[in-house]
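Below: one structure, written as structure tokens.
In UniProt numbering, the protein residues as written are 1 to 1128.
Okay, here's the thing in structure tokens:
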């Protein structure tokens, strides 16, 4: 298994999302049908909000595949969606989904709906009937079986014998009481995260709401409603952990909703009743949107019960081979393997435009999540992947920069190898705000054992070019990555690394995400992603193996070497010499076998009483490992699968098979635990140097050796942390079966095709490392000059020039011909080198990778647009009509909006502003800040909101763009605000047409002075602002298409936008008499702040700003001598 197996000392149930809903279609053009994959989908908030964010007139289809390892989550989701389809009252739906305790009417509806679902789910064929099956699909028979079981439990719970029901209710209430005792009356920052920029204003009230929910089990404010809701909601009771209260202690019904409008648009602090009304209204809107899409046949929601990694691998296998039946288990602690439904997967998507991975990074590790997810994106490169995390994994470091450290290698190198990169890593800005996260971090991180910090990244490709990496260099880098992943398995290395904060590091030492199989699958992914041929890949792994064999710095690596070698062979990644042997002797456990394969699967039965040490009052989650040991040998194996039940050997000794009967009660049952692991057969034969005889070998289950496990368990288990062992030849406890390798993937030499251009053919781009082998230093590519004019110019000593035209694209100019050369990552073309062969007719371009996001084309094109589709590459899309309007008349507007927009600047940019340095992005951010504070009326203090702005070049006093601000709106899921407005671009001809109307506006126009070169930046930005909110379609005659560029121009007094959007969706201008005559010349745009990227540079407060509200502070904390406060 790619992720190590851990003992779930405390298994949490996540029935309700722990972050506010987001639109998963925010990076897809509005006319494109979308296939979406939600790995670790959780509750349906993101599905519902995505549909809510669709324009009313939209006719595209959205196909969601929702994967989760907890069937109770999926059962609740389908229950809710079926209730919406059946048009049941939304107030009951809210109660059923969010309340721990129900009133009689809501419970009656829940039970009757479960009965309807049970009747519909007897078979997959019956489920496909139009009532539910037209929209709600099942990916596998096993998924439907599990959901059917849960609905049956929900329907029957309140019909249990009185004594059983009372015991179940008492057990549930005891769990609730335990959570209450831990968090009674404290401030809960996590729930106020959903208020975004109003987080600090909402914290106290939302903390009261949180405590009330856990006290009363509902969101009701009125005492009579609370008193009436006394019936335990069965949808919170039944999970894989067994009946009872396993709900995560941070669960709060308020969290999935968007709270900024509720707190921002009231003069006074909203009451709890206001909050309840607000979130119920949002829920109603979401349900209405889903029902509309269901009725019009515009959405499909596929439900897939599986571990996220296992489910993604099954989809990839089906995509590559067409196989529906796999050898992949549904999830740990179950033996059922994934078999996709044949009828469903005749048409179900296996390639996805959008992949959302929730916060799987926290639970599985991003080097497990990304290699599993990326292969399911389109090969065309226009897909998008979302990655997020809530937990800090680097206890000794700077939390805002924790994300980049999770790769255990340079992020640039990993982006090139993955051929996908975080968008904000390239651009240095984000249209999503995490300012409130930074504030919360400053308030809570000191002295806290567990720190939350919500980090969201959007991953896209920069192009389809596949880089070529020299085998020796790649093998060296991969070994360094291997070393970085596993070096802390050695105690000495661990303690040396964590001398600053050893106690916190010990706590984190049990959070192990990577096994040797993780790394093997990462190797396979990189090989396939770069399309490396078999011969070249063998050279890469030969280099890796040479270093591995000569490096003796990781002592614990030796006991895992056989595990690593066996997994390399299993997955067809690399075969060590030992596996090339045709003969494994038929001795010991193989005595009756006609032939022994290189790999075998070993099953070990562990009596349940031996697990008592893991269940006696401990809530720990130690990592488990299997092993084999003898007098001379000791090997550990981390890729193990486990389930409770009974194992029987069937067939003959020469052709044995295993039959497993699973214990449905799982951890609450009585059957033993069965683990299985794969190991090299030769180790069990005694036929080799230093090998133990089969009769002397023991198969073991132990805890992984790390500081946390040693402290907790070594006093009772001993230094080897061994839970149980049995002799290899003990037929009652050990069963050995043959194991076949998996398909190896690439088997023939792959050739990356040359790219033709107007000058000539371009060879594949080579990516070259520095001498240390840890950083990529430069790209190089050759152009074979083939065009006649270009040939003549080259042979006659014509000048060859290179100019940067975007982050990763340079333009080669020769003999009047131009050719764009696209690299896999941003480069610094100003430092390029050329090698020119005028007789052989080729040109080699050598360009260094940029060293900082402030280099490499940032000033050339900071706002790229993806073609085709005209989709903004770095800024998310919005449906402005579904965003709430900001109330500009509230007294507290200045208190939250001013620090919010001010925090868009990094510390570097603040210093640059003071020094008056030239920085194109900083200038644009400054102008956006000026527009927002004046449009809102918060600056100058006491002023009225301004609604018309002229973008005026300071140097020339010229102006050719007029911005009309209709409304300020809350950008809900991005936790910021957006100006909903219209742009009037001007040139001489147009001004003549509108002059008589325009002069009437002049007294109301506020000028925004643009700094040196900023006019060009705005010309680049305006088309992006129009594209991000457009509801109209581009015409076939669109100037972007005809002229082959966007924007059309960057010159002053010239129009950069196409005409397709002029006069479209401009009702806001018709509502203002002075604006109305100009409406047909205007295009609607959405303007919002651009925020710094906290994992790249320091954001927010300077040494003189308040650590809470970020205004200038006059007081320093007398205790820590660091934090400053304004005293308000």
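C-beta atoms are modelled at their ideal positions from N, C-alpha and C, and glycine is treated no differently. The structure presented is a predicted model; accordingly, all values stated were derived computationally and were not measured.
Could you give the distance in angstroms between the alpha-carbon of residue 467 and the alpha-carbon of residue 441?
39 Å
Confirm, please, whether the CB-CB distance from residue 26 to residue 876 is below 7 Å.
For the pair residue 876 and residue 26, the CB atoms are nearer than the 7 Å cut-off.
Using the beta-carbon count (16 or more within 10 Å), is residue 569 buried or exposed?
Buried, since its Cβ has 16 or more Cβ neighbours within 10 Å.
Could you tell me which whole alpha helix (DSSP H) segments of length 4 or greater appear in the stretch 295 to 338?
Counting only runs that start and end inside the stretch 295 to 338, the alpha helix (DSSP H) elements of at least 4 residues fall at 308 to 321.
Assigned exposure category for residue 955 - 16 Cβ within 10 Å defines buried:
exposed
Going by other Cβ atoms of all chains shown within 10 Å of its Cβ, with 16 needed for buried, is residue 776 buried or exposed?
buried
Would you call the stretch 236 to 255 and the stretch 77 to 84 in contact, with 3 or more CB pairs under 8 Å?
no
I'd like to know whether the C-beta atoms of residue 816 and residue 789 end up nearer to each other than 7 Å.
yes
Pull up the distance between the alpha-carbon of residue 784 and that of residue 838, whole angstroms please.
11 Å
Just verifying my parser: in three-state terms, what is the DSSP assignment at residue 873?
Residue 873 falls in the coil class under three-state DSSP.
Just mark residue 419 as buried or exposed, buried being the case when its beta carbon has 16 or more other beta carbons within 10 Å.
buried
Distance CB(residue 966)-CB(residue 986) smaller than 7 Å
Their beta carbons are not under 7 Å apart, which means residue 966 does not touch residue 986 by this criterion.
Expressed to the nearest angstrom, what Euclidean distance is found between the alpha-carbon atoms of residue 698 and residue 517?
23 Å
Drop a sphere of 10 angstroms on the beta-carbon of residue 1002, count the other beta-carbons inside from all chains shown, and report buried for 16 or more, exposed for fewer.
By the 10 Å Cβ count, residue 1002 comes out exposed.
Measure from the alpha carbon of residue 780 to the alpha carbon of each residue in 555, 1029 and 469, then state which is nearest.
469
Pull up the DSSP beta-bridge partners for residue 248, would you.
Paired residues: none, contrary to the question.
If contact is defined by three or more beta carbon pairs under 8 Å, each pair taking one atom from either stretch, is the stretch 14 to 29 in contact with the stretch 319 to 339?
no
Along the alpha helix (DSSP H) that carries residue 493, what are the first and last residues, could you check?
491 to 497
Boundaries (first-last residue) of the beta strand (DSSP E) holding residue 626:
624 to 629
For residue 329, is the classification buried or exposed, using 16 other Cβ atoms within 10 angstroms of its Cβ as the cut-off for buried?
buried
Of the residues 1071, 333 and 971, the one placed nearest residue 1, counting alpha carbons only
333
May I ask which residues mark the beginning and end of the beta strand (DSSP E) holding residue 722?
722 to 727
N- and C-terminal bounds of the alpha helix (DSSP H) containing residue 707:
707 to 717
Go through its chain and collect everything with a Cβ distance to residue 98's Cβ below 7 Å, but skip five positions before and after it.
16, 219 and 253
Secondary structure of residue 123, DSSP reduced to three states
coil
Excluding the five sequence neighbours on either side, which residues of its own chain have a C-beta within less than 7 Å of the C-beta of residue 8, listed in chain order?
621
Enumerate in chain order the residues of its own chain whose CB-to-CB distance from residue 154 is below 8 Å, with the five nearest sequence positions on each side excluded.
75, 79, 110, 111, 114, 234, 235 and 238
Check each candidate in 825, 384, 730 and 372 and name the one with the smallest Cα separation from residue 768.
825
How far does the beta strand (DSSP E) with residue 679 in it reach, from first residue to last?
673 to 680
Distance, residue 116 Cα to residue 147 Cα
13 Å
Classify residue 552: buried if its beta carbon has 16 or more other beta carbons within 10 angstroms, exposed otherwise.
Result: exposed.
Nearest residue (CA-CA) to residue 841, options 792, 851, 511 and 803
792
When the Cα of residue 952 is compared with those of 1014, 906, 282 and 976, which residue comes out closest?
1014
Taking only the alpha-carbon atoms, compute the straight-line gap between residue 241 and residue 614 and give it to the nearest angstrom.
15 Å
So what does residue 819 bridge to, in DSSP terms?
812
Residue 703 versus 695, 693 and 718, residue with shortest Cα-Cα distance:
Ranking 695, 693 and 718 by Cα distance to residue 703 puts 718 first.
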